[in-house]
Amino acid sequence: MELEERVAELERRLVLLESAAGGGKPELGDGDFWALDGLKDQLGLVGDAAADGGVLFTGAVRLPAGERYEWQYGALTSGLLGPEEERSDWATAAEPLAALGHPVRLRMLREILGGRRTAAELAELDETGTTGQIYHHLRLLTAAGWLHTAGRGRYEVPGPRVVPLLVVLTAARP
106 MELEERVAEL ERRLVLLESA AGGGKPELGD GDFWALDGLK DQLGLVGDAA ADGGVLFTGA
166 VRLPAGERYE WQYGALTSGL LGPEEERSDW ATAAEPLAAL GHPVRLRMLR EILGGRRTAA
226 ELAELDETGT TGQIYHHLRL LTAAGWLHTA GRGRYEVPGP RVVPLLVVLT AARP
């Protein structure tokens, strides 16, 4: 290892030791790459597959209506960018991404996460369109997997899709 790499590794370990000794844990936005460091540690455990790296998405969410969701997903870069026989088909992401590509549908998802669960409640909002347009948007979001019906005309974002939705929205911010 070169001297710079060794010093950087020592500094990283020092930060971890100091935070453990103080009983504290890294906070979001404090400049510490604790999630990234954890991903790197995990990738180091899988041998040669780690050479190209990977991505990690994670979250713990409490919605305004009180539901709680925790989720994480990781993928190796080789599964995203590697040879065709090893990588996932990006075309499968087209429909779910396209469904998010309309401001009214995004607003509807936000409102549903916030507790408005029926088409009638969504129709009360300004600028969501006619009842027919609302149902059209709800059908597209359901077909793409961002919504499901929960009985009695109620819609919900499926639990395993709550954090991924918030991840996509966060990633799309400029």
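In terms of our numbering, the sequence shown opens at residue 106 and continues consecutively.
Every residue, glycine too, gets a C-beta built ideally from N, C-alpha and C.
No experiment lies behind these values; they were computed from the predicted model shown.
Taking the Cβ atom as the reference point for each residue, do residue i and residue j lie within a distance shorter than 9 Å?
i      : j      : result
Leu243 : Leu230 : no
Ala140 : Val160 : no
Gly158 : Leu148 : yes
Glu200 : Ala277 : no
Thr223 : Tyr260 : yes
Val272 : Phe162 : yes
Gly143 : Val268 : no
Ala170 : Gly220 : yes
Val262 : Leu218 : yes
Based on the DSSP output, what are the partners of residue i in its beta bridges?
i      : result
Val51  : Past the edges of the chain, shown from 106 to 279, lies residue 51, and the structure says nothing about it.
Glu175 : Ala165
Thr223 : Arg259
Gly234 : Partner(s): none; Gly234 has no beta bridge.
Val160 : Ala180
Thr254 : Tyr260
With 16 other CB atoms within 10 Å as the buried threshold, where does residue i fall?
i      : result
Trp251 : buried
Gly128 : For Gly128, the predicted model reports a pLDDT of 49, less than 50, meaning its position is unreliable; a value from the coordinates is still stated below. Exposed: under 16 other Cβ atoms inside 10 Å.
Leu274 : exposed
Tyr178 : exposed
Arg257 : exposed
Determine the closest residue to residue i out of the options, with distance taken between C-alpha atoms.
i      : options                        : result
Leu245 : Val209, Asp137, Pro269, Leu218 : Val209
Thr233 : Glu107, Arg192, His207         : His207
Gly264 : Val166, Ser193, Glu107, Lys145 : Val166
Thr182 : Glu172, Trp176, Ser193         : Ser193
Taking three-plus beta-carbon pairs below 8 Å as touching, is the segment 182-193 in contact with the segment 206-216?
Under the 8 Å Cβ criterion, the segment 182-193 does not count as touching the segment 206-216, having fewer than three qualifying pairs.
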